[in-house]
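Working notes, structure below.
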Amino acid sequence: MEGSSVRIDATGLDYRALGTRLKEVLKGGAEQVELYNVCGQRYIGAGIQEKARVDIYGTPGNDLGSFMGGLRLHVHGNAQDGCGNTLDGGELVIYGHAGDIVGYAMRGGKIFIRGSVGYRAAIHMKEYKEKRPVIVIGGTAQPFLGEYMAGGTVILLRLTSRKESHRCSQGFIGTGMHGGVIYIRGQVEKWHLGKEVAAVPVDDPEKEGIASLIREFCAHFGYDAEMVLPHPFTRIYPRFLRPYGRLYAY
Amino acid sequence: MPYRISDYSNPYHDDKVSAACALFGAIDRTGRRFPGTDVITAIINMHERGNGLGGGFAIYGLYPGYESCYAFHVLFMNPDARPSLEEFLRRRFRLLLAEEIPTRPAKGIYNPPLLWRYFLTLAGDPPSGFTEEDYIVSQVMWINRYQEGAFVISSGRNMGVFKGVGFPEQIADYFRLEEYQGYLWTAHARFPTNTPGWWGGAHPFNILDCTVVHNGELSSYGINRRYLEMFGYGCTMETDTEVLAYAIDLLVRRHGLSLELAATVLASPLWSEIEMEEPEAKRLHTLLRQVYPSLLMNGPFAIIVGRSGEMMGLTDRIRLRPMTAATHGPMLYLSSEEAAIHLVCPEVENTWIPLGGEPVVGRVTPGASFPSCVETEWAPTLLEVSPQ
Amino acid sequence: MKSYAVPRFRVERDASRCIQCQVCVRQCGFSVHSYDPTEEGLYSREADCVGCHRCVIFCPTGALTVTEIPLAYRQNANWRPEVIQDIIKQAETGGMLLTGMGSDKPHPIYWDHLLLNASQVTNPSIDPLREPMELCTYLGAKPDRVELDPQTGVPTTRMPPQVPLEVPVLFSAMSFGSISLNVQKSLARAAAESGTLFNTGEGGLHADLYPYGNHAIVQVASGRFGVHPSYLEAGRVIEIKIGQGAKPGIGGHLPGEKVSEEVAVTRMIPVGTDALSPAPHHDIYSIEDLRQLIYALKEATNYAKPVAVKIAAVHNSAAIASGMARAGADIIALDGVRGATGAAPKTIRDNVGIPIELALAAVDTRLRQEGIRNCVSLIAAGGIRSSADVLKAIALGADAVYIATAALVALGCRVCQMCYTGRCSWGIATQDPYLTKRINWEIGAERLKNLLRSWAIEIKEMLGGMGINALESLRGNRLHLRAVGLTDREMQILGVRPAGE
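Residue numbers (numbering that gives the first Met the number 0), protein chains in the order written: chain A, 0 to 249; chain B, 0 to 387; chain C, 0 to 500.
If you want it as structure tokens, here you go:
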């Protein structure tokens with residue numbers, strides 16, 4: 000069983016059965032697993048610490064990779080809400096778009112998303128010492144990106160965009176942010192930013208620091224990193240350590 | 000003496016009945032009628048979101064040959080209520096056809112109430128001061144308030160609601176929905192928190208031809224209801240979905256707003272967004288918020304609204320409930336979870352997640368063409384990656 | 000005749016702390032403290048002490064304290080000490096007892112019996128620090144629907160004048176005369192910078208305040224003091240004052256002690272005379288007369304400003320309000336029995352009128368029953384003390400609330416109820432320049448802005464807790480209230496269910 004690739008057909012399996020089968024196979028030593036015909040099963044990868052690669056064909060359900068410690072999950076399609084919920088380690092690579100609260104309370108690991116994400120991506124992301132989580136998004140993000148962020152790195156590349164909308168399609172970026180950093184390719188309008196953050200252009204030495212992550216992203220999705228890197232980037236960072244210092248009467 | 004529907008609908012007399020759920024909707028924008036197999040498959044896929052205490056479907060276009068009749072689907076809590084209701088209908092309307100809605104025994108369906116359908120038209124002109132539709136609404140409200148043991152669950156033309164206590168697939172089986180075709184289907188699976196089994200409490204909710212399936216809970220319900228009561232809507236069901244249906248009836252049918260404009264009332268843009276708009280849009284949105292503040296739907300919601308010829312999906316303005324939209328040729332799909340769409344339409348082209356407060360509307364335009372085009376986000380042709 | 004009245008307060012001076020700096024002598028508006036140069040000592044004449052704490056706070060060494068005179072009466076629930084004192088005073092004067100501020104009697108405070116909801120599980124609470132929370136309110140009459148041109152989709156509805164508020168709290172009517180100009184300037188600037196309005200009261204608008212006209216509600220009361228065309232033009236809203244909660248049924252009262260030179264100019268009456276506004280407007284003896292006055296004012300100002308009508312909360316407030324709405328009022332202000340005043344007969348202040356909570360609920364319900372709630376905005380007044388009171392008022396049906404006592408307390412007032420004497424040690428309810436200069440109006444404006452800011456933050460937190468992110472979703476939404484310790488009937492009138500249901 001060691002070193003082999005295992006195929007699991009998810010047709011007709013509910014999330015519990017699928018999760019059990021996946022864990023069995025991983026415990027048995029499989030280093031590569033392929034899940035076929037996945038359609039809406041939740042919690043794939045939840046809590047799993049093993050380091051293996053799992054390719055998912057179809058549309059996984061909510062809370063993909065939640066509380067996960069080790070897997071490299073590759074989704075060949077779109078993901079739904081709650082990807083990487085409280086992710087502790089490992090990797091999520093999504094070849095489509097993802098829904099709301101990507102990486103909620105993320106504390107380690109990496110998430111790469113080729114397309115766009117929904118509301119509240121990276122909400123309450125955190126970091127400590129060597130645990131520095133990362134999210135790289137190839138498309139756009141809907142409102143409340145990085146809400147209440149306390150640590151970690153988010154890179155928003157805006158290489159593609161969704162259908163036109165007449166509503167304000169992004170706003171409240173970094174609202175409540177008090178740690179961590181968000182990099183956005185291109186300019187950011189002031190009225191898209193939350194009250195607690197400021198934006199500055201990224202200089203070359205700083206861009207070198209995130210270049211490896213961008214290269215990693217491009218390698219996953221077949222982009223040429225040398226076409227992406229020369230663009231100007233903006234860094235969004237928290238203005239205060241205690242953004243709510245004047246809130247109370249003592 | 001009015002009997003209280005709310006004794007069935009809200010037996011603990013909570014502030015309101017609310018439910019968490021799954022939604023699905025599909026419309027063929029050429030008006031072509033299709034069977035409901037896909038819709039049922041999709042709602043089954045989202046099984047996790049319901050708990051078997053409610054399922055329902057709205058079907059538009061299912062009664063060819065009876066397009067001009069109002070099709071009253073009536074729920075009887077006990078069989079004795081039927082003669083009295085039928086006598087009422089005969090007095091007020093011209094009754095063309097009356098029959099029990101065909102059913103079959105189905106797994107999971109226990110003690111179903113009696114469900115009949117009545118195809119009727121007005122006997123003459125409506126009373127002065129009423130339009131025909133206002134009159135139908137007033138009679139439906141009267142029946143639901145005063146006609147003991149009878150409850151109208153849909154009252155539109157060439158459309159019908161089938162719903163009850165059970166998982167949606169069980170309801171579909173019970174009502175033999177495979178025998179119908181329609182150009183627009185909406186479906187709902189329910190996870191109620193405060194109603195035991197009452198068939199009338201399932202979604203969709205209906206007034207005339209407007210149906211609403213709803214996921215979420217309105218924190219503004221208390222004032223939405225009091226506002227609508229001023230305009231003559233009796234909120235007998237004590238549920239927040241009911242106020243959504245009446246709000247749309249008021250804004251769209253009586254006040255003449257389009258579904259899209261009604262959406263800007265129900266899920267208004269923020270004042271900070273209105274500030275940044277072009278002068279005309281700013282004026283219109285400010286006006287709507289000043290005139291209809293009590294119809295702002297606060298709290299998490301995702302809804303799919305059906306009306307004759309159109310379907311709308313809408314979420315609350317800070318998007319606390321999910322909704323994914325997708326198109327494939329003339330088909331427009333709306334779903335609480337994206338996987339369900341891929342399951343029934345693996346070749347679906349465009350899937351996207353609308354913003355909070357952004358309506359997605361599909362309308363029947365006969366003769367229109369909907370060429371297939373691949374608009375997936377990451378198609379290489381869309382990429383513009385040269386430095387500025 | 001010798002007075003049989005007993006002093007109310009005792010002033011105690013800690014001799015070991017007193018450094019005889021004489022700040023207390025200078026600060027007390029009632030001349031309680033004095034320095035005797037022959038004895039080289041400070042003395043306090045307690046009979047005049049009103050318990051305003053000015054000397055206590057300004058004493059640099061904390062040497063002073065004020066306590067209630069510990070005079071024992073035989074215990075008597077009926078003939079309480081206050082009752083006895085009142086009779087003594089009347090026997091010695093033959094006049095009506097005068098008092099200031101709001102009723103201090105233990106009328107039920109319904110705010111303290113109402114509790115607010117919070118959302119959990121089935122409905123998320125919203126985080127006001129990070130997610131948008133909208134308090135914006137528009138005052139003014141609203142139509143029932145928006146009319147759109149069928150071809151262009153452009154709205155054709157003509158909106159009556161609307162006044163935006165950034166916070167649903169306004170400063171209530173306090174006239175120039177009852178309070179000093181410095182206090183009015185503080186109110187005006189704080190209102191302007193906080194996105195709300197202040198109210199001129201029935202004393203007219205002083206020239207110094209015209210720059211703040213866009214944030215002013217100009218009052219037209221029965222005495223028509225200071226009412227002239229530029230006054231009407233200057234204000235953002237015109238308020239017809241029919242009555243106020245502290246003294247329903249009688250007119251305004253400014254004792255001669257407070258009619259200074261400047262007050263006399265603004266009101267156009269002789270210095271030193273009492274300014275007693277008539278009880279009714281003498282052109283309003285019936286509801287159709289009110290309509291006539293409302294439209295006279297609208298004509299005079301080209302229909303550019305909303306016209307408000309302020310009434311005291313009394314037994315048939317609901318019916319009166321319905322009439323007012325049909326008479327063309329754009330805003331109805333209701334002032335409850337705990338409303339304050341600069342001067343009023345004590346017996347009327349304490350015994351006439353009903354609590355604002357009941358009146359507000361009754362008026363909101365009645366207007367909705369008649370289908371005319373959209374025609375007016377409702378402002379509730381009368382003893383609003385905190386942000387929680389504000390929210391409960393809005394949940395009962397108010398569009399906004401008026402505060403007056405709270406605003407004065409923010410400036411230093413200790414509610415000693417002696418405003419009618421014109422000797423306010425805090426420099427608030429007086430015209431004496433020696434006292435009025437104690438209010439630095441720029442600092443006063445900061446204090447008032449702070450008050451509004453604190454309340455706005457608290458309101459946002461509570462709204463978010465209820466799962467609401469726009470104030471209009473709470474307005475009239477009584478399902479978010481529950482009652483504790485009220486009778487069935489009271490709950491029925493308030494339209495609120497008991498806690499536990």
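No residue lacks a Cβ here, since even glycine has one placed at the ideal position from N, Cα and C. Because the structure is a prediction, the values reported are computed rather than measured.
Own chain partners of residue i with C-beta closer than 8 Å, once the 5 adjacent residues on each side are dropped
i                : result
SER30 (chain C)  : ARG44, ASP47
ALA299 (chain C) : PRO228, LEU231
ALA4 (chain C)   : GLN84, ILE87, LYS88, GLU91
C-alpha distance - residue i paired with residue j, whole-angstrom precision
i                : j                : result
GLU178 (chain B) : PRO34 (chain B)  : 8 Å
THR37 (chain C)  : ALA406 (chain C) : 43 Å
GLY244 (chain A) : GLY175 (chain A) : 12 Å
HIS106 (chain C) : HIS112 (chain C) : 13 Å
GLY255 (chain C) : GLN430 (chain C) : 11 Å
LEU144 (chain A) : VAL116 (chain A) : 9 Å
GLN84 (chain C)  : LEU63 (chain C)  : 26 Å
GLY68 (chain A)  : ASP315 (chain B) : 34 Å
ILE331 (chain C) : ALA399 (chain C) : 11 Å
VAL258 (chain C) : GLY176 (chain C) : 6 Å
LEU462 (chain C) : HIS230 (chain A) : 43 Å
HIS96 (chain A)  : TRP351 (chain B) : 8 Å
HIS165 (chain A) : PRO126 (chain B) : At HIS165 (chain A) the pLDDT is 49, less than 50, meaning the model places this residue with poor confidence; the figure from the coordinates comes in the next sentence. Spanning the two alpha carbons is a distance of roughly 43 Å.
THR397 (chain B) : THR326 (chain B) : This structure leaves residue 397 (chain B) out entirely; chain B is present only between 0 and 387.
VAL389 (chain C) : GLU348 (chain B) : 52 Å
THR265 (chain C) : VAL22 (chain C)  : 34 Å
Neighbour list for residue i in chain C, Cβ cutoff strictly below 8 Å
i                : result
ILE317 (chain B) : ILE125, GLU130, PRO131, ASN468
Beta-carbon separation (whole angstroms), residue i vs residue j, contact threshold 8 Å
i                : j                : result
SER218 (chain B) : ASN297 (chain B) : 5 Å
ALA57 (chain B)  : VAL38 (chain B)  : The Cβ separation is near 10 Å, so there is no contact.
SER168 (chain A) : GLN186 (chain A) : So it is not a contact: roughly 15 Å between Cβ atoms.
Bounding residues of the alpha helix (DSSP H) (the contiguous stretch that carries residue i)
i                : result
HIS219 (chain A) : 203 to 220
PHE87 (chain B)  : 80 to 91
GLN289 (chain B) : 278 to 290
PHE57 (chain C)  : 53 to 57
TRP454 (chain C) : 440 to 464
Proximal residues of chain B, C-beta to C-beta of residue i below 7 Å
i                : result
ASN476 (chain C) : SER219, GLY221, ILE222
ASP80 (chain A)  : PRO321
SER168 (chain A) : LEU354
CYS38 (chain A)  : ASN44, ALA338, HIS341, LEU342
THR58 (chain A)  : GLU337, ALA338, HIS341
TYR137 (chain C) : GLN289
Same chain, Cβ closer than 6 Å to residue i, five either side skipped, listed in chain order
i                : result
TYR401 (chain C) : LEU169, SER171, ILE378, ALA380
VAL414 (chain C) : MET100
HIS214 (chain C) : ALA190, ALA191, LEU196
HIS183 (chain A) : The question names His, but residue 183 (chain A) is Ile in the sequence shown. Excluding sequence neighbours, ILE183 (chain A) sits near LEU155, THR233.
Where residue i meets chain B, residues with beta-carbon distance less than 9 Å
i               : result
GLN31 (chain A) : Within 9 Å Cβ-Cβ: nothing; GLN31 (chain A) doesn't reach chain B, min ~24 Å.
Beta-carbon contacts of residue i that lie in its chain and below 7 Å, excluding the five residues immediately before and after
i                : result
ILE273 (chain B) : LYS281, HIS284, THR285
ALA361 (chain C) : SER316, ALA317, ILE492
Where the beta strand (DSSP E) through residue i begins and ends
i                : result
TYR294 (chain C) : It is not in any beta strand (DSSP E) - TYR294 (chain C) instead sits in the alpha helix (DSSP H) that spans 286 to 299.
CYS209 (chain B) : 209 to 215
GLY194 (chain C) : It is not in any beta strand (DSSP E) - GLY194 (chain C) carries neither H nor E in the DSSP assignment.
Closer than 8 Å at the beta carbon, the chain B residues around residue i
i                : result
TYR118 (chain A) : ILE317, ARG318, GLY355
Partner residues on chain A for residue i, Cβ-Cβ distance less than 8 Å
i                : result
SER453 (chain C) : ALA248
ILE456 (chain C) : LEU246
Closer than 7 Å: residue i CB and nearest the ligand NAD heavy atom
i               : result
THR37 (chain C) : For the structure depicted, the ligand NAD is absent and the ligand set is empty, with no information on it obtainable.
Chain-ordered neighbours of residue i on chain C, where CB pairs are closer than 7 Å
i                : result
GLY175 (chain A) : LEU128, ARG129
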